[in-house]
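Working notes for the structure below.
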Amino acid sequence: MEAEQEVLPEALEEAPVAIDEAPVAVEEAPVGGAPAEGEEAPDLSVMLRGRCAIFPDQPLPQYSSKHAVAFHAQMRTDLMRPLFALLCDPEMPARVEFMESMRSYQLHGILQTADWGMVDWPGETRRRFVIVLDRPGGMRVMPSLDTPQAPLEEEALVTGLLQPLLPSLKELAGRGIAHRAIRPDNLYYTDGGRRAMVLGEGVSTPPGFDQPAVFETIECAMCDPIGRGEGSQANDLYALGVTLLFLLLGRNPVANVDEKELLANKIEFGSYSALVGSYRVPLGLMEAMRGLLSDDLKERWTVNDLDMWMSGRRQSPKQAKLPQRSSRPYVFENVEYSNVRSLAFAFATHYTEASNQLRSKPLDSWLRRSLGDEARADALQQAVSSTAAAIAGGKGGEDRIVARGCIALDPPSPIRYRGFGVSVDGIGWALAASLSDRDRRQLVSEIISSRLPIHWVAAQAKPKAEDLRAVQMLEKLPAIIDQVGIGYGVERCLYELNPSHRCLSSMFDRAYITSIQQVLPALEIVAQRQDRPDTPIDRHLIAFIAARAQRPVDEQLRGLATNDPSTRNLAMLRLFATIEEQQESLMPVPNLAKWIAGLLEPVVNGFHHRRRRDKMAQLVQATAEQGILGELLKVLADDKEKGADQQGYTGAAAEYREIDQQIRDIEGSYQLRMDDARQLGEQIAAALGGLLVSVATAFAVFATFT
Amino acid sequence: MAEMTVPPAQSARSRKVIGTALWIMVPLVLVFALPTVLLFALGLLPTIVAWIVDRREEKYAAYCVGGFNLSGVMPYLFLLWSTGDSMHALGAILTSPFSWLVMYGAAALGWLANYWAPQITMRVRRVRDRAEVARLRKRQEQILEEWGPEVMPTE
């Protein structure tokens, strides 16, 4: 049986630029993933946007990532181009924005992304996201981080890794984006000669998610992998420094050290010392390594510094700047801490015990006297007291005190709440990856609703520009996340924090909707399905629309929250009409219009006057067939007609009641009326008698005297 | 109220005046118009009976029967007066059965009129009321047809 081909409305093909140029559009793939007519691919292939064939029966494990499985892929228009496709983890959002921004650029030092989108995968009930990349010519440089191999020479690293990679890193830095997946097992040789290397993908999972903690800066290592955030070139260069060390040694230098201990060592002794230890780094690379592995963000090398170094300009290696040590240690959980950063890390890890410590006088004394840091002590006091006041007012629990306290003690570190660490720019990613994990979702929601990100930014000595921009967004999120109505809550926050995230509405399982322009065409397709849902809205769709709309839609959202189905459906139509107004090109959606018109039948039936109701029903039908939602709204939300109908109805009901009363009066006063009639009859009879007397008298006079 | 009620002294005086006038007038009438009085007395017996029988204050029956009765007596009254208002003429009238038929027959017609007039008016009123109710119910049906059963009161 031939798979059904869904016919795309023409406008979908001519959709706005964002759709046309994006590798994903509103089209829904044919059921079963059958190849298009004339396709040369074998029967088992899956087609991505009709351009690229992916072969589920031909896995390529040597190219798989930690959370994405690789398969053979082939471009229809270029069969000779070596490609592979990564089938992404459905729970992990991919870095679509990164791919979009680097779409038109050739980055020779990084594997090029060819295409991406949703496909029907055999054996799966829902569509899956795939990314197609250029296949490298050689194998992985270091197949496993746990398996030692022959060390690489300094020269090989400089010419084979740094030189090819540097232009790509410059390009990324220029665009303000970071790769966030630089590590030895994500490097490939470009050919069998094993000279030049190319960096693998960093887009199949959230930024930094696949990075072992050893490759992350102290701050990012404190985060949960899902909450490490976009980061910057500083993160990439740090990871590059660790990668160089791994390749120089041919092994993991801290393989026997667990993550927590490694982090504690990095804080205590600096990353360079903690990682390099007693190994003697070649002099030619020492300066670069120290510069790349500097824990001080201001001192850490930038791409320009690396470029200058590679051009031959040498500086003396900088010594690590270690955190200030106290004159006497602070004991917490039977462990002594001599610097505030380690102590804050311990508090964040043992958060249930930390709450009392943060309020305690000994800690305050330690900060002021042993550490000599009055400002930090004051900041801690202020943070703890204001949070305690909020808790007393019923807002949140002791965990907030620990989180605020840790921010005050160690401002550069990420937000740490109940053991969950997240950077400000990682909150969106954390939320996106937590949708199916109730506990983690709850954690992220509490972080947002307790305004911890805003407090974090306020605590920074010199907040970054992107953090200040994030504050504007973060200011409005607590109010949004605390509302449970449709269009608010976690779903809205997800789309507000992740501007490129696709809409997760269950109606769009077969489509990839990333912009509001695609919503109505997608709903038009859904409207034609046999198994369409009862209503064309759900929480995700409305939240998506609310986050992406050019104008506020709070009024429509209020309408959607009512219990009355007619009011709710009318609000839905208003919302869709608002989106329609914002379309770049107006595309009729007759099937969607008829669907909505069906739902709004109670509105038509709400007209009391039958002829008017019939006329309205005909008008609605005709307007729905035209497919313009704005026109349909005008017909159904005509207040003048409704007002006239209501007025007429009220008058008719009053008249009916009046008539009822009149009939009752007539029937109730029967006896009285009969008595009146009888009396009248008697009066008439009496009058007749009188009249007869006159006539008889006149007649008698006439007869007698003539 | 004080103006309407006649003080007891005044009312007694006026009754006395009327009584005195009657004592003077009645004998004079009896003396000078006895046949007329007798004709009235005998011819209007049905009226007197009707007056007594009709207990209602308005005395419609009495007026109706009286009017018919009187109209039956009138021709004979003028006949009597035209023939000298004598006892002989009176005798001629009273001995004719036809006279009694006319006088008392008219009274009987008066009784019939007094019975049937109210019946007719009551019937007319009944018919009109039914027509009005029918008209009102038809209007209600029109309203129901236009606006549906929702216009009906919930009780």
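As given, the protein sequences belong to chains L and B, one line each in that order.
So for the first sequence, our numbering puts the first residue at 5; every next one is plus one.
So for the second sequence, our numbering puts the first residue at -3; every next one is plus one.
Here a beta-carbon is modelled for each residue, glycine too, at the ideal position from N, C-alpha and C.
From a predicted model like this one, the values you see are computed outputs, not experimental measurements.
Span of the beta strand (DSSP E), counted from its first residue to its last, around residue i
i: L/L52; result: V50 to L52
i: L/E340; result: V339 to Y341
i: L/R85; result: D82 to C92
i: L/V202; result: M201 to L203
i: L/I181; result: Run containing L/I181: none; DSSP gives neither H nor E here.
i: L/A72; result: A72 to M79
i: L/V335; result: Y334 to F336
i: L/P60; result: C56 to P63
Interface residues of chain L facing residue i [CB-CB closer than 9 Å]
i: B/W143; result: H612, H613, R614, G652, Y653, A656, A657 and Y660
i: B/I139; result: A656, A657, E659, Y660 and I663
i: B/S95; result: Within 9 Å Cβ-Cβ: nothing; B/S95 doesn't reach chain L, min ~13 Å.
Range of the contiguous alpha helix (DSSP H) that encloses residue i
i: L/H354; result: Neither: L/H354 is in no alpha helix (DSSP H) and is coded neither H nor E.
i: L/R617; result: R614 to Q630
i: L/H544; result: R543 to R552
i: B/E136; result: The sequence given here places Gln at residue 136 of chain B; Glu does not occur at that position. From DSSP, the alpha helix (DSSP H) with B/Q136 extends over P93 to W143.
i: L/L296; result: L287 to L296
i: L/Y660; result: D643 to G672
i: L/L637; result: L633 to L640
i: B/L86; result: M83 to L90
i: L/L191; result: Taken as a continuous stretch (DSSP letters only), L/L191 belongs to no alpha helix (DSSP H), being part of the beta strand (DSSP E) at L191 to Y193.
i: L/V607; result: E605 to N609
i: L/P556; result: No alpha helix (DSSP H) contains L/P556, which DSSP labels as neither H nor E.
i: L/E584; result: P569 to Q586
i: L/E101; result: V100 to S105
i: L/L375; result: That residue, L/L375, is in no alpha helix (DSSP H); it is neither H nor E in DSSP.
i: L/V307; result: V307 to M314
Beta-carbon neighbours of residue i, restricted to chain B and to distances below 8 Å
i: L/E686; result: E54, Y56, A57, C60, N110, A113 and P114
i: L/M96; result: Within 8 Å Cβ-Cβ: nothing; L/M96 doesn't reach chain B, min ~56 Å.
i: L/M678; result: M118, R121 and R122
Amino acids of chain B, ordered along the chain, whose beta-carbon sits closer than 7 Å to that of residue i
i: L/T701; result: M70
i: L/A689; result: Y56, C60, A109, N110 and A113
i: L/I670; result: D125, E128 and V129
i: L/T518; result: Here the premise fails: no neighbours, minimum Cβ distance about 48 Å.
i: L/A704; result: M70, P71 and F74
Per-residue contacts from residue i into chain L (C-beta, under 7 Å)
i: B/M99; result: Residues of chain L passing the Cβ test: none, with the nearest at roughly 11 Å.
i: B/W148; result: Here residue 148 of chain B turns out to be Met, not Trp, going by the sequence shown. Correct list: Y660.
i: B/L132; result: I663, Q666 and I667
i: B/G106; result: G693
i: B/A6; result: First, the amino acid is wrong: residue 6 of chain B is Gln here, not Ala. Chain L residues near B/Q6: none, gap ~32 Å exceeds 7 Å.
Contact list for residue i against chain L, beta-carbon separation under 8 Å
i: B/T117; result: A681, R682, L684, G685 and I688
i: B/S67; result: G693, L696, V697, V699, A700 and T701
i: B/G63; result: A690, L692, G693, G694, L695, L696 and V697
Closer than 9 Å at the beta carbon, the chain B residues around residue i
i: L/T708; result: P71, F74, L75, W77 and S78
Worksheet item: Along the chain, which unbroken stretches of the alpha helix (DSSP H) at least 4 residues long are found entirely within the stretch 110 to 171 of chain L?
Response: 158 to 161
Practice prompt. Output the residue ranges of the beta strand (DSSP E) runs that lie fully inside the stretch 403 to 475 of chain L and measure 3 residues or longer, sorted by chain position.
Written response: 419 to 421 and 424 to 426
Worksheet item: Mind pulling the alpha helix (DSSP H) runs of 4 or more residues that sit fully within the stretch 216 to 280 of chain L?
Response: 222 to 225, 237 to 253, 263 to 273 and 275 to 280
Item to complete: Report yes or no: do three or more beta-carbon pairs, one from the stretch 458 to 470 of chain L and one from the stretch 264 to 278 of chain L, lie closer than 8 Å?
Response: no
Worksheet item: Does the count of Cβ pairs from the stretch 61 to 75 of chain B and the stretch 644 to 654 of chain L closer than 8 Å reach three?
Response: no
Discussion item. Using 8 Å as the cut-off, can you tell me whether the stretch 603 to 611 of chain L makes contact with the stretch 556 to 573 of chain L, which would need three or more C-beta pairs spanning the two stretches below that distance?
Written reply: yes
Worksheet entry | Residues in the stretch 598 to 610 of chain L having any Cβ partner in chain B nearer than 7 Å | none
Item to complete: Could you pull out every unbroken alpha helix (DSSP H) segment of at least 4 residues lying fully inside the stretch 10 to 76 of chain B, listed in chain order?
Response: 30 to 39 and 41 to 49
Discussion item. Threshold first: 4 residues or longer. Then list the alpha helix (DSSP H) segments lying entirely within the stretch 480 to 554 of chain L, N to C.
Written reply: 493 to 501, 523 to 531 and 543 to 552
Discussion item. Which residues of the stretch 23 to 57 of chain B have a Cβ closer than 9 Å to any Cβ of chain L? Give them in chain order.
Written reply: R52, E54, K55, Y56 and A57
Worksheet item: Does the stretch 670 to 679 of chain L come close enough to the stretch 34 to 47 of chain B to have 3 or more Cβ pairs within less than 8 Å?
Response: no
Worksheet entry | the stretch 181 to 192 of chain L in contact with the stretch 200 to 208 of chain L per 3-pair CB rule at 8 Å | yes
Worksheet item: If we count Cβ pairs, one from each stretch, closer than 8 Å, do we get three or more for the stretch 585 to 601 of chain L versus the stretch 626 to 646 of chain L?
Response: yes
Worksheet item: Given 8 Å as the limit, is there contact between the stretch 342 to 356 of chain L and the stretch 301 to 316 of chain L, that is, 3 or more CB pairs closer than that?
Response: no
Worksheet entry | the stretch 230 to 245 of chain L in contact with the stretch 421 to 433 of chain L per 3-pair CB rule at 8 Å | yes
Worksheet entry | the stretch 124 to 143 of chain B touching the stretch 96 to 111 of chain B, judged by at least three CB pairs closer than 8 Å | no
Item to complete: Report yes or no: do three or more beta-carbon pairs, one from the stretch 75 to 93 of chain L and one from the stretch 138 to 147 of chain L, lie closer than 8 Å?
Response: yes
Worksheet item: Taking three-plus beta-carbon pairs below 8 Å as touching, is the stretch 185 to 195 of chain L in contact with the stretch 276 to 290 of chain L?
Response: no
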